[in-house]
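**Student:** Protein chains in written order, with my numbering: chain A, 1 to 263; chain B, 1 to 95. Take a look at the following structure, please.
Okay, structure coming up:
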């Protein structure tokens, strides 16, 4: 973890109050999409390899919509590509969960389940929100997120109620990743401000549905509810784990090496 | 774990324009629910379909290619089984 938190730049401070939040949504979808894309060609079976790539592409498409909107909100002439490819790790606002390495299939599934469960409820809230642009992106993404949640939920059940090995791997993944779930629903100061303005759904109101779904899936999976753990936080404020730097090195390689390169 | 522990399924997809489900291929899955999701992910990525059927391959009984001659050849010289020897009245449309 990096000890210091960068001050927002002047450009950020003068932009729309929604800008950092939309950027956070964009970063979150992009980083998770990149992680999932790392599975491409390495999936446990062909069918799941494709499923992982499909989800990665859904999230990448969603990230693009957010980056385009963020670039407009900022109004400083930066494009979606500038925002995605030319910022250092400390300026990324994704929660720690999505930058965690793929690990084995169980780790990827647990990470996905924790994210999907939040993502689905968040999009439901944004879809009915007052910002028309965010509402339209959320409406499109909600159908995709509903399928993602169904997919990851069924895999939690299969792994938990599967073989002794799948169960052991799932237990390990839960022990490692559950601590990153809390950050998703813990608002930053910026998020709290937007929630007070009514622009962002109140996360506390999303929790009952999320907890009910988790309880249902874990019961089906015959997995006991994990004990409450201290929530690891920092990603949404730019304090990332060591993993993000390596991820960005690969993600940004082409634009850093050949600035301005296009298709 | 390897693929072959999971049974094989045949996938049938009905396109937006079509009335019938057409065989599009096969895949491996542990059960019907997974086969359905896999079919969605493998075979409907490019808007190919609006409806999916999956059938475990072992439930499909196929005719034996070795018996093709006795099965199908006898029909080849019985053109009278096709309704092509009738004069269609002009007033009948859409034939």
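Backbone N, C-alpha and C fix where the C-beta goes; we use that ideal spot for every residue, glycine too. Bear in mind that the values here come from a model prediction, so they are computed numbers and not experimental data.
Is any beta-carbon of chain A found at less than 8 Å from that of residue 47 of chain B?
**Tutor:** With 8 Å as the cut-off, residue 47 of chain B does not count as an interface residue toward chain A.
**Student:** Name, please, each residue of chain A whose Cβ falls closer than 7 Å to the Cβ of residue 28 of chain B.
**Tutor:** The contacting residues are 45, 47.
**Student:** Can you have a look at residue 10 of chain A and say buried or exposed, based on whether 16 or more other CB atoms are within 10 angstroms of its CB?
**Tutor:** Low confidence applies here, because residue 10 of chain A scores a pLDDT of 46, under 50, leaving its location unreliable and the question unanswered by this model.
**Student:** Is the segment 180 to 198 of chain A in contact with the segment 15 to 22 of chain A, if contact means three or more CB pairs nearer than 8 Å?
**Tutor:** Segments in contact, yes.
**Student:** Looking only at C-alpha atoms, which of A:122, A:198, A:208 sits nearest to residue 25 of chain A?
**Tutor:** That would be A:122, whose Cα lies nearest to the Cα of residue 25 of chain A.
**Student:** Any beta carbon of chain B sitting closer than 8 Å to that of residue 39 of chain A?
**Tutor:** Not closer than 8 Å to any Cβ of chain B, the Cβ of residue 39 of chain A fails to qualify, so no.
**Student:** Could you name the residues of chain A that residue 42 of chain B contacts, counting a contact when the two beta carbons are closer than 7 Å?
**Tutor:** Within chain A, the residues near residue 42 of chain B are 47, 50.
**Student:** Which parts of the segment 161 to 216 of chain A are runs of the alpha helix (DSSP H), unbroken and 4 residues or longer, counting only runs that do not cross its ends?
**Tutor:** 164 to 177, 182 to 185, 189 to 196, all fully within the segment 161 to 216 of chain A.
**Student:** Indicate whether at least one CB of chain B lies closer than 8 Å to the CB of residue 117 of chain A.
**Tutor:** No, no contact with chain B.
**Student:** Are the C-beta atoms of residue 32 of chain B and some chain A residue less than 8 Å apart?
**Tutor:** Chain A contact via Cβ: absent.
**Student:** Compute the Euclidean distance between the alpha carbons of residue 261 of chain A and residue 254 of chain A, then round it to the nearest angstrom.
**Tutor:** Between residue 261 of chain A and residue 254 of chain A, the C-alpha separation is close to 8 Å.
**Student:** Which chain A residues sit within Cβ distance under 9 Å of residue 37 of chain B?
**Tutor:** The answer, in chain order, is 47, 51, 147, 150, 151, 154.
**Student:** Check the Cβ of residue 54 of chain A against every Cβ in chain B and list those closer than 8 Å, keeping chain order.
**Tutor:** Here the neighbours are 41, 45.
**Student:** Hey, how far is the Cα of residue 168 of chain A from the Cα of residue 185 of chain A?
**Tutor:** Rounded to the nearest angstrom, the two C-alpha atoms are 28 Å apart.
**Student:** Quick check: the segment 110 to 122 of chain A against the segment 145 to 156 of chain A, are there 3 or more CB pairs under 8 Å?
**Tutor:** Yes, since at least three Cβ pairs between the segment 110 to 122 of chain A and the segment 145 to 156 of chain A fall closer than 8 Å, the two stretches touch.
**Student:** Considering only C-alpha positions, which residue in the set A:16, A:155, A:89, A:63 is nearest to residue 137 of chain A?
**Tutor:** Cα-wise, what sits closest to residue 137 of chain A is A:63.
**Student:** Would the segment 68 to 82 of chain B and the segment 40 to 56 of chain B be scored as touching if the rule is three or more Cβ pairs under 8 Å?
**Tutor:** Judged by Cβ distances under 8 Å, the segment 68 to 82 of chain B makes no contact with the segment 40 to 56 of chain B, as fewer than three pairs qualify.
**Student:** Spatial neighbours of residue 34 of chain A within its chain, please: C-beta separation below 7 Å, excluding the five flanking residues on both sides.
**Tutor:** Correct list, in chain order: 247, 251.
**Student:** In the DSSP assignment, find the unbroken alpha helix (DSSP H) run with residue 55 of chain A in it and report its ends.
**Tutor:** Element bounds for residue 55 of chain A: 46 to 74.
**Student:** What residues in its chain sit with their C-beta under 6 Å from that of residue 106 of chain A, if we drop five residues either side in the sequence?
**Tutor:** Counting only Cβ-Cβ distances below 6 Å, and skipping sequence neighbours, we find 159, 169, 170, 173.
**Student:** Taking the Cβ atom as the reference point for each residue, do residue 54 of chain A and residue 41 of chain B lie within a distance shorter than 8 Å?
**Tutor:** Yes.
**Student:** Output needed for residue 139 of chain A: all residues of its chain with C-beta closer than 6 Å, excluding positions within five of it in sequence on either side, in chain order.
**Tutor:** 127, listed in sequence order.
**Student:** Find out if the Cβ-Cβ distance for the pair residue 63 of chain B, residue 14 of chain B is shorter than 8 Å.
**Tutor:** No, the Cβ-Cβ distance between residue 63 of chain B and residue 14 of chain B is not below 8 Å.
**Student:** Along the chain, where does the beta strand (DSSP E) that runs through residue 55 of chain B open and close?
**Tutor:** Counting along the chain, the beta strand (DSSP E) containing residue 55 of chain B begins and ends at 51 to 56.
**Student:** For the segment 177 to 184 of chain A against the segment 222 to 239 of chain A, do three or more pairs of beta-carbon atoms, one drawn from each stretch, fall closer than 8 Å, so that the two count as touching?
**Tutor:** Judged by Cβ distances under 8 Å, the segment 177 to 184 of chain A makes contact with the segment 222 to 239 of chain A, as three or more pairs qualify.
**Student:** So for residue 26 of chain B, helix, strand or coil by DSSP?
**Tutor:** Residue 26 of chain B: strand per DSSP, three-state reduction.
**Student:** Can you name, in chain order, every residue of its own chain whose Cβ lies under 8 Å from the Cβ of residue 12 of chain A, other than the five neighbours on each side?
**Tutor:** Any answer about residue 12 of chain A is weak, because its pLDDT of 46 lies below 50 and its placement is not dependable; what the coordinates show is given next. Contacts found: 19, 20, 74.
**Student:** Using the Cα positions of residue 236 of chain A and residue 67 of chain A, report the straight-line distance between them to the nearest angstrom.
**Tutor:** Cα to Cα, the separation comes out at about 16 Å.
**Student:** Given that a residue counts as buried once 16 or more other Cβ atoms are within 10 Å of its Cβ, and exposed if not, what is residue 155 of chain A?
**Tutor:** Its Cβ being crowded by 16 or more others within 10 Å, residue 155 of chain A is buried.
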